[in-house]
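Residue 290 in the numbering used here sits at position 251 of the sequence shown; the count goes up by one each step and never skips. Reviewing the structure listed below.
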Amino acid sequence: MLPGTAAPPAGTAGAAVHDSTDTTQGREQMGLLDGKVAIVTGAGRGIGREEALLLGSEGAKVLVNDVGGSVAGSGEDRTPAQEVVDTIRAAGGEAEVNSDDISSWSGAERLVNQAVETYGTLDILVNNAGILRDKMSFSMDESEWDDVIRVHLKGHFGPSHFAGIYWRNRSKSGEPTSGRIINTSSESGLFGNIGQANYAAAKAGIASLTLVLARELQRYGVTANAIAPRARTRMTENLFGEAAAKKDEGFDAWDPKNIAQLVGFLATDAAADVSGQVFVVFGGDIWLMGGFHPVGEVHRDHAWTPAELVEAKDELFKSASPGVPPFSFF
Ligand SMILES: NC(=O)c1ccc[n+]([C@@H]2O[C@H](COP(=O)([O-])OP(=O)(O)OC[C@H]3O[C@@H](n4cnc5c(N)ncnc54)[C@H](O)[C@@H]3O)[C@@H](O)[C@H]2O)c1
């Protein structure tokens, strides 16, 4: 089935296939996301796992996607995603495994179709899956570039594309429609981390993709936002090391659970007016980030010559350093 072509209306949609009143095994219906259907990609481990568990605990039915590969993206293992599904079900929630590679076009389509066919609708798409192949730009080979761009950038675009078709078709057929896309960028992409030309380019692309999705899908009641998380996972254990180690007591700022809370908020009806935004999130800190904006300018009513720009250089950089910007927003 093409997504969106045969879905029942919002609110009644889930009930038509899985009536939450008779399948929640006693779970009290008090979550912020009761009755909603969510997809989380890369949800077998790390941040995605916590996002799936949080969405499930707030009452969403969750399609837990993960290929179960290594940090570098090799291998397959369904076990981590199944464990997340088992945990959601044990708490009285509803969840299913999807093992598709979200960076393949057909995998992304199957993922969205599975959510709609299993639960009758789709409300929330959390694009999170990712891999790392860090190298300096001059040492990076073609496959290291291609694979990271494919998994992150295409892996965000594919599910968003098919979810967008579903929501657009629903809206065009006159059904009440709302949707949430929550993408995963990175400070590496916002500020350009050394050794991550592939990853940073993909993550910057995801921030830009988020803006386009927000503009294009607004008319269908769909929001698109991006988070740039900081948390202790297998992906970052070598990067942050001791600084991120779990403490015996006190607030664990590096716990990936902290990231899931913001995603839970963005998925709610209360965040229906939040779109096209990028957030950095770490522990209890959430920064709302602003996009590119002018920090210096020179003007005239005809073109500059290079020699004239040599003269105007100090004016253009009056309030900003001409050197490489710092890797930080502080
Ligand atoms: N941990 C951090 O501090 C941090 C910082 C910035 C951005 N991020 C981003 O957060 C996201 C989650 O990362 P994490 O730290 O939890 O890493 P992780 O390695 O623990 O989790 C990533 C998950 O994605 C899955 N995955 C990889 N390729 C896939 C594919 N093609 N299809 C389906 N699943 C696939 C993996 O199997 C894994 O379970 C990533 O997009 C990462 O780039 C993390």
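Quick reminder that beta carbons are idealized off the backbone N, C-alpha and C, glycines included. Quick caveat: nothing in here was measured; it's all calculated off a predicted structure.
query, result
"Taking 8 Å as the cut-off, does the CB of Asn167 come closer than this to any heavy atom belonging to ligand 1?", "yes"
"Check whether the Cβ atoms of Ser31 and Pro268 lie closer than 9 Å to each other.", "In the structure as shown, the chain starts at 40 and stops at 369, and residue 31 therefore has no counterpart that could be examined."
"Does the separation of the CB atoms of Glu133 and Gly81 fall below 9 Å?", "no"
"Between Ala284, Ala265, Gly315, Asp287, which lies nearest to Ala299 when the distance is taken from Cα to Cα?", "Ala265"
"Shortest alpha-carbon distance to Lys285 belongs to which of Ala243, Gly322, Asp162?", "Gly322"
"Residues in the same chain with beta-carbon distance under 8 Å from Met274, minus the five sequence neighbours each way, listed in chain order, please.", "Gly85, Val110, Gly169, Leu171"
"Using 8 Å as the threshold, is the segment 98–118 in touch with the segment 307–324, meaning 3 or more CB pairs across them?", "no"
"Does the beta-carbon of Gly65 have 16 or more other beta-carbons within 10 angstroms, so that it is buried, or is it exposed?", "Caution is warranted here: a pLDDT of 49 is assigned to Gly65, below 50, making its placement in the model unreliable, and the coordinate value is therefore given only provisionally. When all chains shown are included, Gly65 counts as exposed."
"Assess, as a yes-or-no matter, whether the segment 147–157 is touched by the segment 198–209 under the definition of 3 or more beta carbon pairs within less than 8 Å.", "yes"
"Specify, as a first and last residue, the run of the alpha helix (DSSP H) that Lys286 falls within.", "First-last for Lys286: undefined, no H or E at that position."
"Got a sec: does ligand 2 put a non-hydrogen atom nearer than 8 Å to the Cβ of Ser145?", "In the structure on display, ligand 2 does not appear, and the ligands it does have are ligand 1."
"Please confirm whether any heavy atom of ligand 1 lies closer than 8 Å to the CB of Glu226.", "yes"
"Run through the segment 229–261 for me and flag every whole alpha helix (DSSP H) of 4 or more residues, listed as ranges in chain order.", "236–256"
"Tell me Thr223's beta-bridge partners as DSSP assigns them.", "Ile266"
"Taking the alpha helix (DSSP H) that Asp324 falls in, what are its first and last residues?", "Counting along the chain, Asp324 falls outside any alpha helix (DSSP H), though it belongs to the beta strand (DSSP E) covering 324–328."
"Within 10 angstroms of its Cβ, does Lys100 collect 16 or more other Cβ (buried), or is it exposed?", "buried"
"Note down the Cα distance separating Gln257 from Gly203, rounded to an integer number of angstroms.", "11 Å"
"Answer yes or no: the CB of Met69 versus the heavy atoms of ligand 1, is any distance below 8 Å?", "no"
"What are the start and end residues of the alpha helix (DSSP H) that includes Asn166?", "Unbroken run through Asn166: none, as it is neither H nor E."
"Considering Ile141, what are the terminal residues of the alpha helix (DSSP H) in which it resides?", "Unbroken run through Ile141: none, as it is neither H nor E."
"Given 8 Å as the limit, tell me if His191 has its C-beta closer than that to any heavy atom belonging to ligand 1.", "yes"
"Comparing alpha-carbon positions, which option in Thr344, Ser367, Thr118 lies nearest Gly231?", "Ser367"
"Tell me Ile78's beta-bridge partners as DSSP assigns them.", "Leu102, Leu164"
"What first and last residue would you give for the beta strand (DSSP E) that runs through Val319?", "317–321"
"Please classify Ala311: is it buried, with 16 or more other beta-carbons within 10 angstroms of its beta-carbon, or exposed?", "exposed"
"To the nearest angstrom, how far is it from the Cα of Gly43 to the Cα of Arg339?", "Confidence at Gly43 is low in this model, with a pLDDT of 33, below 50, so the placement of that residue should be treated as unreliable; the coordinate-derived value is given next. Distance between the alpha carbons of Gly43 and Arg339: 51 Å."
"Glu183 lies in the alpha helix (DSSP H); which residues open and close that run?", "181–188"
"Return yes when the C-beta of Asn152 is under 8 Å from any heavy atom of ligand 1, and no when it is not.", "no"
"Around the C-beta of Ile163, are 16 or more other C-beta atoms found within 10 angstroms, so that it is buried, or is it exposed?", "buried"
"If I follow the unbroken alpha helix (DSSP H) through Arg88, where does it start and stop?", "85–96"
"What's the C-alpha gap between Leu229 and Ala239?", "8 Å"
"Starting from the Cα of Leu192, find the closest Cα among Gly112, Glu350, Ser142, Val76 and give me that residue.", "Ser142"
"Roughly how many whole angstroms lie between the Cα atoms of Ala253 and Asn104?", "23 Å"
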